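Take a look at the structure set out below.
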Amino acid sequence: YPSLPPGTYTFMVRSKNNDGIWNTSPATFTFEILPPWYQTWWFYTLCVIAVGAGIFAYNTIKTKKLVADKAKLEKQVDERTKEVVKQKEEIQNKNNEITDSIKYAKNIQEALLPSLKKTQQALDDCFILYLPKDIVSGDFFWHSDHNSTQFIAAADCTGHGVPGAFMSIVGNNL
Numbered sequence: 012y013p014s015l016p017p018g019t020y021t022f023m024v025r026s027k028n029n030d031g032i033w034n035t036s037p038a039t040f041t042f043e044i045l046p047p048w049y050q051t052w053w054f055y056t057l058c059v060i061a062v063g064a065g066i067f068a069y070n071t072i073k074t075k076k077l078v079a080d081k082a083k084l085e086k087q088v089d090e091r092t093k094e095v096v097k098q099k100e101e102i103q104n105k106n107n108e109i110t111d112s113i114k115y116a117k118n119i120q121e122a123l124l125p126s127l128k129k130t131q132q133a134l135d136d137c138f139i140l141y142l143p144k145d146i147v148s149g150d151f152f153w154h155s156d157h158n159s160t161q162f163i164a165a166a167d168c169t170g171h172g173v174p175g176a177f178m179s180i181v182g183n184n185l
């Protein structure tokens, strides 16, 4: 019986002798066929424990890797944020320097323009609307009094900002 499943079996044999007489009670032999090792309860238990341990180990390793990657990315973000803040401060300083220079140019430009009081004294019922688009302007006004003759000019030079201011200085001098 080569393919008996695992279990307990009793083998009973009846026999007869040379005279043809059968024995009255059969000879018995009890035996047990054990299952293969891979079909035992302890093997199944070890498999469940191994799979559980594998999942736990995988999750632990992945979590550690994610935490390490997160820390690395946070470090990179901090470094780049410091760089951006430094660049922002440099740009802000440059911007302040440029703005201060342009404000100083405005003072020079206003010094070249004629006095509003003198123009208002020379001309009755007048006003001057001077609204520069930028800090300095390409627009200018001019007034002069020669031998009781009033010369008035209101000009809009091409451009705004510093280039327009240079044009207004040239026009004022002319």
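Using this note's numbering, the first residue of the sequence shown is number 12, and each one after it goes up by one. For each residue, glycine too, the CB sits at the ideal point set by N, CA and C. This one's a predicted model, so the numbers in the text were calculated from it and none came from an experiment.
Cβ neighbours of Ile113 within its own chain (closer than 7 Å, five residues either side excluded): Ile146, Val147, Val173. Per DSSP, reduced to three states, the secondary structure at Phe138 is coil, with no helix or strand assignment. Around the beta carbon of Met23, a 10 Å sphere encloses fewer than 16 other beta carbons of the protein chains shown; the residue is thus reported as exposed. Counting the other Cβ atoms within 10 Å of the Cβ of Gln132 gives fewer than 16, which makes it exposed. Contact annotation, Phe42 with Tyr20: C-beta distance approximately 6 Å; criterion of less than 8 Å satisfied. Looking at the DSSP output, Glu43 sits in a beta bridge with Thr19.
Beta-bridge analysis with DSSP links Ala38 to Val24. DSSP places Asp150 in the uninterrupted beta strand (DSSP E) bounded by 150–157. Secondary structure note for Ile163: its beta strand (DSSP E) is the uninterrupted segment 160–167. Counting along the chain, Asp145 sits inside no alpha helix (DSSP H), nor does DSSP assign it H or E at all.
DSSP lists no beta-bridge partner residue for Trp53. Between Lys93 and Tyr115, the alpha-carbon positions lie close to 33 Å from each other.
Taking the Cα positions, Glu100 is about 14 Å away from Arg91. Counting along the chain, the unbroken alpha helix (DSSP H) around Leu127 starts and ends at 127–133.
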